[in-house]
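In my numbering, the protein residues as written are 477 to 767.
Every residue, glycine too, gets a C-beta built ideally from N, C-alpha and C.
Because the structure is a prediction, the values reported are computed rather than measured.
Report on the structure given below.
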Amino acid sequence: MTATIIDGKSIAEIVRADVAKRTAALKVKTGVTPGLAVVLVGADPASQVYVRNKHKQTLEVGMASFEHKLPDTTPEADLLALVAMLNARADVHGILVQLPLPKHIDSEKVLRAINPDKDVDGFHPVNVGRLSIGEPCLTPCTPSGCIILAKSAQPDLKGLDAVVIGRSTIVGKPVAQLLLREDCTVTIAHSRTRDLPSVVRRADLVIAAVGRPEMVKGDWLKPGAIVIDVGINRVPTADGKTKLVGDVAFQECLSVAGAITPVPGGVGPMTIACLLKNTLEATERSLGLTT
Ligand code: GUN
């Protein structure tokens, strides 16, 4: 068997096109333009790339983009004051504070300062709680992207045995909650899990989010399984350069899986697409157009 390769790039384009269409309709109906504010503190190169892409794609779907770039010496109090100002602005419907923040700033404190209804990252404890009790809420972007990709391979995930490898707050735990909402039977595996290969072998759907290059091997998979690879690991190559690989040994899994995401070009492109979807939903909710 050769797996279907799930094309995250084109699925992200479809999500963005849908967001752009709904954004245009919302503007006509209400006169309101959804606005996303992104705050970047410092000059981390990867963060600068993310923020640039977010800005570009926000404008492309017809939303307003507000960028706030602050020096890495910014006091925590100044950042909290900026968040308070963005919470109060009527033209800002979504707020994202880019992580990681400089060490002298308490990230948890900053994330908790964001109005949960504008928390388009879905990281605020109120949204984490809403997700776990099944209330409507803003859900974290990378996990939401994983669900959309899994459903592109199999639209109804009901009853599937899903194994999530990794228990992080940003991916592992929220993706497990989203899978529960899809009526999967969910196992969360982690560094202390015993006999991980045999746990993974039970899975109809595997979500790998551990940050260990090519850890999931072909012979760990149930034939036909759907494999979603969240890992982005830079590794050295034989010619002295580097390349990006996921948490899944892609080539060997390709002949066992039913469908699999590549790295790059799988989960990665979905994150910003889902961020824009969240911004639209936050705007609609603020206008009382949805629950
Ligand atoms: N840094 C890398 N990815 C993310 C993300 O999804 N949200 C935030 N806030 N920071 C990030």
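DSSP, reduced to helix, strand and coil, places glycine 511 within a strand of the structure shown.
Here threonine 767 has Pro612 as same chain residues with Cβ atoms under 7 Å from its own Cβ, once five neighbours each way along the sequence are excluded.
Taking the Cβ of serine 731 as the reference point, every heavy atom of the ligand GUN lies at 7 Å or farther away.
With a beta-carbon spacing of about 21 Å, alanine 488 and glycine 511 fall beyond the 8 Å limit used to define contacts. Our two residues, proline 738 and leucine 681, have alpha carbons roughly 15 Å apart in a direct line. By the criterion of at least three beta-carbon pairs nearer than 8 Å, the region 515-528 is not in contact with the region 489-497. Taking one beta carbon from each stretch, the region 722-735 and the region 542-554 have fewer than 3 pairs nearer than 8 Å; the two do not touch.
In the DSSP assignment, alanine 758 forms no beta bridge with any residue. Annotation for valine 573: Val515 and Val586 place their beta carbon closer than 6 Å to its own, counting only its chain and skipping 5 residues before and after. Taking the Cα positions, isoleucine 748 is about 6 Å away from lysine 530.
Judged by DSSP secondary structure, lysine 594 falls outside any alpha helix (DSSP H); it is assigned neither H nor E. For valine 732, the three-state secondary structure derived from DSSP is coil. For leucine 672, the uninterrupted alpha helix (DSSP H) segment begins and ends at 672-677. Assigned with DSSP and collapsed to three states, valine 537 falls in coil, not helix or strand. Bounds of the beta strand (DSSP E) holding aspartate 705 are 702-705.
Residue range 648-657 is occupied by the alpha helix (DSSP H) that includes proline 650.
Taking the Cβ of cysteine 617 as the reference point, at least one heavy atom of the ligand GUN falls within a distance shorter than 7 Å.
Taking the Cα positions, alanine 566 is about 50 Å away from arginine 677. Isoleucine 683 is a Cβ neighbour of valine 651, given a cutoff of 8 Å. Taken in chain order, the complete alpha helix (DSSP H) segments of 4 residues or longer contained in the region 605-634 are 617-629.
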